[in-house]
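**Q** Dropping the structure in here first, questions after.
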Amino acid sequence: MSNLEEQIRKLVEKYFNQVNIAALIVKDERAIVTLQNITENKDVTANLEKEIAALNGIKKVNIIYTSERSAPTLGKEPEMWKVSGVKKIIAVASGKGGVGKSTTAVNLALALSKLGKKTALFDADIYGPSIPTMLGYENQPVVSYDGKTFNAFEVHGIKSMSIGTLIDRDAPLVWRGAKAGGALEQLLTQVEWGDIDIMVIDMPPGTGDIQITLAQKLKIDGAVIVSTPQDIALIDAVKGVNMFQKVGIPILGIVENMSYYICPNCGHKEEIFGHAGAKETAERMGVRFLGEIPLHIDIRTHADEGKPIVEDKPDSPQANAYMEIAKKIAKG
Ligand SMILES: Nc1ncnc2c1ncn2[C@@H]1O[C@H](COP(=O)(O)OP(=O)(O)OP(=O)(O)O)[C@@H](O)[C@H]1O
Ligand SMILES: [Mg+2]
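When the letters of the sequence shown are read in order and numbered with the working numbering, they come out as residues -17 to 314.
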């Protein structure tokens, strides 16, 4: 532990008895302190922030509180949802919206399929289901042959289903939130998945109630956290990692999306948002860094057209970046 980290820990302990510091990140004169199972107190936070900011080598301070709500229920196991035929479930999550979680989820699912895994992609993002667009089944109706179970869509060799098929995108968020738990359970448990090696779940962004419900009700074997390199996204990535760890779901690693920009005309590489922030965050938190995905126009256009880059340009360096991450995930 560096001297600065030690000083920060001492300051935190001065303010809180028996504190659990879930994560402490010190980088570029910025300290991000995540406190677990402690009630937030604005005055205490302000004072603590001031004292940490006064340390030599620190300019900015963020203190994050993570709630106890998602702690594993001791004694009684919650009743789990049974997703039949599916051997392994991995969640692709992000602390923050818009970081490229769905794009990563769809390309990783296709990459896993190319590695020979029978793959399914489930879109659980009640706030912005985008997998139907990315796989091009947006306007197709959900079919049930037997009147009891739904048929999964089959696109580019993978099976898929989206919460967007049940939930009205124009409905208010509060309503969607209230309906989401039941709708997700229904879709996951009443879809004919067939024989699946790996199901990838595009999770809703953030660490709210619906994410926690999914993390507790599904037997998730591991979580991949997607982040962009900016500090603000990384702070949220830390929250995401904490949420899964609290419910006992292993973190498979962190992916840095939009890591650097590649000009499609000249191939020039530019690190617009800084470099290696996610890698350093992963190291600090003791989780694996899975790899970097460049910011490249083809990644967006191909997903928008329903043919993600791994499918449409499998030999491109961009597709290869996803393949390399998928190999690490497939190995476990
Ligand atoms: N590596 C990339 N290069 C270029 N464009 C990208 C990349 N990753 C994502 N995008 C684009 O950025 C936008 C946001 O990506 P995406 O929808 O995957 O994010 P998200 O985290 O799932 O967002 P939301 O929180 O809204 O669900 C999309 O237009 C997508 O095409
Ligand atoms: Mg999304």
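Even for Gly, the Cβ is constructed at its ideal location relative to N, Cα and C.
Could you tell me the alpha carbon to alpha carbon distance between Ala41 and Glu253, rounded to whole angstroms?
**A** Here residue 41 is Lys; the residue named in the question, Ala, does not match the sequence. Distance between the alpha carbons of Lys41 and Glu253: 23 Å.
**Q** Please report the straight-line C-alpha distance between Val74 and Ile231, rounded to a whole angstrom.
**A** Looking at the two C-alpha atoms, the distance is approximately 12 Å.
**Q** So the candidates are Ile3, Val8 and Arg(-9); which of them puts its Cα closest to the Cα of Asp213?
**A** Residue Val8 holds the alpha-carbon nearest to the alpha-carbon of Asp213 among Ile3, Val8 and Arg(-9).
**Q** Taking the alpha-carbon of Ser66 as reference, which of Thr131, Asp191, Ile113 and Ile3 has the nearest alpha-carbon?
**A** It is Thr131 whose Cα lies nearest to the Cα of Ser66.
**Q** Would you check whether ligand 2 has a heavy atom nearer than 7 Å to the C-beta of Gly110?
**A** yes
**Q** Looking at ligand 2, does it come within less than 7 Å of Lys78, judged from the CB to the closest heavy atom?
**A** no
**Q** Closer than 7 Å by C-beta to Thr48: which residues in its own chain qualify, once you throw out the five before and the five after it? Chain order, please.
**A** Ala4, Thr16, Gln18, Lys221 and Asn224
**Q** Do you know whose CA, among Ile180, Val206, Asp10 and Met62, lies nearest Lys96's CA?
**A** Ile180
**Q** Could you tell me whether any non-hydrogen atom of ligand 2 is closer than 7 Å to the CB of Ser84?
**A** Ser84: yes, Cβ under 7 Å from ligand 2.
**Q** Is Gly110 near Val137, with beta carbons less than 8 Å apart?
**A** no
**Q** Could you give the C-beta distance for Leu(-7) and Ile34, rounded to a whole number, given that I count them as a contact under 8 Å?
**A** 6 Å
**Q** Do Asp152 and Lys70 have their C-beta atoms within less than 8 Å of each other?
**A** No, Cβ-Cβ distance for Asp152 and Lys70 is not below 8 Å.
**Q** How many Å lie between Leu(-14) and Val269 at the Cα?
**A** 22 Å
**Q** Tell me the residue span of the alpha helix (DSSP H) that contains Leu90.
**A** Lys83 to Lys96 is the extent of the alpha helix (DSSP H) around Leu90.
**Q** Could you check what DSSP says for Asp294 in three-state terms: helix, strand or coil?
**A** Here Asp294 sits in helix by DSSP.
**Q** Could you check whether the Cβ of Asp184 sits closer than 7 Å to any heavy atom belonging to ligand 2?
**A** yes
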